[in-house]
Structures are given as C-alpha cells and as structure tokens.
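Protein chains in written order, with our numbering: chain A, 2 to 130; chain B, 6 to 280; chain C, 90 to 175. For each residue, glycine too, the CB sits at the ideal point set by N, CA and C.
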Amino acid sequence: MSFLARNVLRSTLRATRATKSRAYSAAQGSGSFAAEQAAIEHHAAGTTDLWRKISFYGCFPAVAVCVAWVYNAEAEHAAHEEHRKAENGGHLPEVPAFEYMNRRVKPFPWGMNTLFYNPHTNKDMEAEA
Amino acid sequence: MTKNYIKMNNKIKFQYFPYHLVDPSPWPILLSFSLLTFTTGAVLYMHGFNNGGLVLTLGFLLTSSGMALWFRDVISEATLLGCHTREVKNGLMLGVFLFIVSEVFAFLSVFWAFFHSSLSPAIEIGGSWPPLGITPLDPFAIPLLNTILLLSSGAFITYGHHALIAGNRKAAIDGTLLTIIFAILFTGLQYYEYSEAGFTMADGVYGSAFYASTGLHGLHVIVGTIFILVGFVRIVNYHLTKSHHQGFEAAIAYWHFVDVVWLFLFLAVYFWGGA
Amino acid sequence: MSESAETTSKYVLQTVGFDARFPNTNQTRNCFQNYTDYFKCITAKGEDFAPCKQFKKAYNSLCPNEWISKWDDQRENGTFPASLEP
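Shown next, in the form of structure tokens:
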C-alpha cells in the first residue's frame, strides 16, 4: 500500500517537474522548444522581407536624395567662401584674436596644432609660437 | 583507481543547473593592470613626461590584446563548449543593458556640460552662443547626411539580424556588411567635418563642448563598428546560429544606442547649438 | 553733527537699484550688460547724450575696476567678445 502511494507521489512530482522544465526540453509538439523555434523562424522570414524592402526601397533612395542635397549645400558653401575670399583680396577675413580663441597654455604632446589641423581653416599655431 | 577517476570525471562533466561556473582565467587581473598602464600612460603622455607615449602605446597594446584573448575564451565557451545556456544568455544580456545604461549616464554628463555652457553663456564668451569668432557647421549639410547614414545602418542591421534568425545566411551577411560600410562612411565624413571645421577643440568652451560630445560619440561609433565586425566575421565562420547569437544581439543593442545618441547630438549640438 | 550732514549732501553715494533681469546675488551679467549697453548707447546717440550716463554709472558701481580696464583694452584691440553695434 505504502509502495503504491510512494509511486503515485513520485509520478505526480515528475509530471509537475516536467511541465516546469518544458521550456528547456527539446520534445516535439506545441509549446516545445522546436515548435517555438519554428514559429520564431517563420515570423523572422516575414520581417526579413519587410526590412529588406525598407533597406533597399526606403534607405537607399533616402541616402541618394540626401547625398544630392548635401552636395548642393556644400557647393554653395564653397562658392560663398570663394566669394568672401574674393571680396577680401584672396584670403578669408582675419578673425579677431578673442581671448577664448586658440587657447594654448602649453603645446599638445605632438605640437602646437590640433590633430585635425587644416591650414585653410585653422590658424597655424606652430607659426605663432 | 582509473575506474574511480572516470566515474568522478563523468560526474563533474554533468551539471544539474543551467549556470556557467567559469574556469580560472588570467585575463581579469591582466586586463586590470593593462588598463592601469593605459590610463597612466595617457596621463604621462598628456603631461609631457619622458616616454609617456611609450607607456601609452604599451598600455593600448596590452589592453587590446588582452581583450582579444579574453573574448577568444568567451567565444570558445559559447560556440564550442556550450556554456551559454538560456539562463546564461539572460544574464549576459542583462549585463549588456546595464553597460548601456552606464554609457547613457556618461553621455548625460557631456550633454550636461554642453547645456550648462550654452543655455547661459558666460560673459567671457560675450554672453552669446555660439560666441563671436566661431562659425558653426551647417547642420543641414554633412551632419544631415550622417543622420541618414546612421538611421539607414539601423535598418540594415535589423535586416541582417532577422535574416540570421530566419536562417537566411546570404541576407544576414549582406545586411551586416552594409551596416559596417555605412558605419565606416559615417566615421570618414566625421573626420572630413573635423578637418574642415573653422574651429578647434581649443577654441573656448564652444570648441571643447562640441569636440568632447561629438568626439566621445565618434569613439563609440568606432567601437560599435568593431563590435559589429566581430559579429560579421562570426556569421561568416558559422559561429552564429538562428537561435544562438547573443554577442551579435549585444552589438545590435549597442549600435542602436550609438544611433540614438547621434540623434540627440544632431538636435542639440548641431541644430540648436549652431543656430 | 550738522557739519557731517553737509559733507554727505555734497557727495551723493549711490549704487544701482534692483534690476529684474538679474535677480540673483551674482551680478556679473548685470555688470557686463551695462558695460555693453553704455557703448552701444554712445555709438547710437553720441558721448554727450545724457541718458547714456546711467549705464556708465551702473557698470562703474557693479564691475571690478580690473574688468573695466581689461574690457577697455579689448575694445581698443577689437577683441571685445560681444558686438557693440547698437
């Protein structure tokens, strides 16, 4: 009698444990890992197509339009700079030596100019020193 | 004796729990000292000490090679040893999100510095933002293109990610590769903007705030590009499967974070702060 | 007693009144604003225009003398950080 009771208890315990750890089991059937995985893959196939369309028919045209716009804007800027240079006798008007501009308490470890130094747009601090 | 050994060995090879108990590893302590060397080298270099550059280079090499070796171990644990169970993956992803939260606060402090200086400009810069003598960059030129590039790369990485889950290898490779190309384009355009800008990092608080915020973001773009590149190489080498690609998902989360930070930078620093 | 009252009436000690634009203890911006306003005022109306004097009084009472002489030098060199055009 007690043997039977123990067996019933064991099998119920096993059954509850099995439901709990169902997420980890690879058993087939609805709610199993394999079924869940198949559903995810099926869903992903659809979203892949959606994002392929967004990428190729949304992003690429947007980038192309933006490149054209930026090309024009940059060309305008360059023309404006040329105009300012021509007005000022071949070079850009000197920026007043405001106290907060071109601060150098000591040189950078590599010299007086910044790492992005450009002689056309920045003051040559190497020549200042 | 031998029999006993086999028995014991089998026992320790089977675990009754889903967690990953890591093996002893030299990399944490090695990286601690590498990072100490790196930061010390940076301080020595920037303060003009003898051989500061050498210590900095050594620190950088030690840190990057130490990271490569550590990540190599993590990749073997994930790809070959099967240590990354669902439970472990949850923990790893929680770690990634906590890391991103800490990054959010790092950027918050830089934005704080920017708004502190720009919302009530000091009299030393004439009480105006941008100050006299600074010609800010036009937000609707290259910065706008950069915004579109980053947003597009976010779409490409989603395309690659969903293709990976669907088991579409070719599309996964295409999407990830496009992301990397656009990320490199972004970095290149930022370099161009930096060298064409009429102001430098040493031009008052405007220059400092501009280059500190956009520069920190630029560094994150470079790190994110490497992160996605690692995912790309692992896709090509069949490391990543439909259901098991946590490192790649971490890279995607990081990339979206970098993307969002750029949107805030574009709105605050380029558009509002340059008007 | 009456003697000292006479002296004070000769030298009127005056500082600037409250300005709602600068309600805080820190009056740095108030000083700077009055300095720039004075030079904008005299550029527009001429040095002898009496109402401009209030700005001069205000910045002389608010600003440290070192700041005033530094800004005067900067104006001479054309490196004053704000526009003084009215």
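The alpha helix (DSSP H) enclosing residue i, as first and last residue numbers
i              : result
residue 153(B) : 147 to 171
residue 130(C) : 117 to 134
residue 199(B) : 174 to 201
residue 111(B) : 91 to 124
residue 78(B)  : 57 to 84
residue 72(A)  : 61 to 88
residue 126(A) : 126 to 129
residue 277(B) : Taken as a continuous stretch (DSSP letters only), residue 277(B) belongs to no alpha helix (DSSP H), as it is neither H nor E.
residue 254(B) : 251 to 270
residue 174(C) : First-last for residue 174(C): undefined, no H or E at that position.
residue 38(B)  : 32 to 51
residue 100(C) : Counting along the chain, residue 100(C) falls outside any alpha helix (DSSP H), and DSSP gives it neither H nor E.
residue 148(C) : 142 to 151
residue 231(B) : 209 to 241
residue 154(C) : 154 to 166
residue 34(A)  : 34 to 54
Residue-level contact to chain A via CB, residue i, 8 Å cutoff
i              : result
residue 63(B)  : no
residue 181(B) : no
residue 168(C) : yes
residue 163(B) : yes
Min CB distance residue i to chain B below 8 Å
i              : result
residue 172(C) : yes
residue 108(C) : no
residue 110(A) : yes
residue 122(A) : yes
residue 111(C) : no
residue 105(A) : yes
residue 92(A)  : no
residue 119(A) : yes
residue 53(A)  : yes
residue 32(A)  : no
residue 63(A)  : yes
residue 78(A)  : yes
residue 131(A) : For residue 131(A) there is no data in the structure shown, the boundaries of chain A being 2 and 130.
residue 42(A)  : yes
Proximity test, Cβ basis, 8 Å: residue i and chain C
i              : result
residue 99(A)  : yes
residue 129(B) : yes
residue 95(A)  : no
residue 133(B) : yes
residue 136(B) : yes
Distance between beta carbons of residue j and residue i, contact taken as under 8 Å
i              : j              : result
residue 53(A)  : residue 258(B) : The Cβ separation is near 21 Å, so there is no contact.
residue 144(B) : residue 275(B) : 4 Å
residue 169(B) : residue 240(B) : 7 Å
residue 174(C) : residue 132(C) : 7 Å
residue 135(B) : residue 279(B) : 7 Å
residue 144(C) : residue 126(C) : 5 Å
residue 237(B) : residue 150(B) : Not quite, the Cβ-Cβ distance comes to about 24 Å (not below 8 Å), so this is no contact.
residue 122(B) : residue 210(B) : 5 Å
Other residues of its chain near residue i: CB distance less than 8 Å, five sequence neighbours each side excluded
i              : result
residue 114(A) : 123, 125, 126, 127
residue 147(B) : 194, 197, 198
residue 102(B) : 258
residue 21(A)  : With a pLDDT of only 48 at residue 21(A), under 50, the local geometry of the prediction cannot be trusted, and the value read off the model is given with reservation. Once the five neighbours on either side are set aside, residue 21(A) has no close Cβ partner at all.
7 Å CB neighbourhood of residue i in its chain, flanking five on each side removed
i              : result
residue 234(B) : 185
residue 155(B) : 191, 264, 267
residue 202(B) : 142
residue 226(B) : 188, 191, 192, 263
Per-residue burial, residue i [other beta carbons within 10 Å of its own, 16 or more giving buried]
i              : result
residue 43(B)  : buried
residue 19(A)  : At residue 19(A), the pLDDT of 48 sits below 50, so the modelled position is not reliable and the matter cannot be decided from this model.
residue 73(A)  : exposed
residue 140(B) : exposed
residue 120(A) : exposed
residue 38(B)  : exposed
residue 87(B)  : exposed
residue 34(B)  : exposed
residue 126(B) : buried
residue 246(B) : exposed
residue 153(C) : exposed
residue 51(B)  : exposed
residue 123(C) : buried
Cutoff 6 Å; reference residue i; Cβ partners in own chain excluding five residues on either side
i             : result
residue 32(A) : none
residue 25(A) : For residue 25(A), the predicted model reports a pLDDT of 49, less than 50, meaning its position is unreliable and no value from the coordinates is stated.
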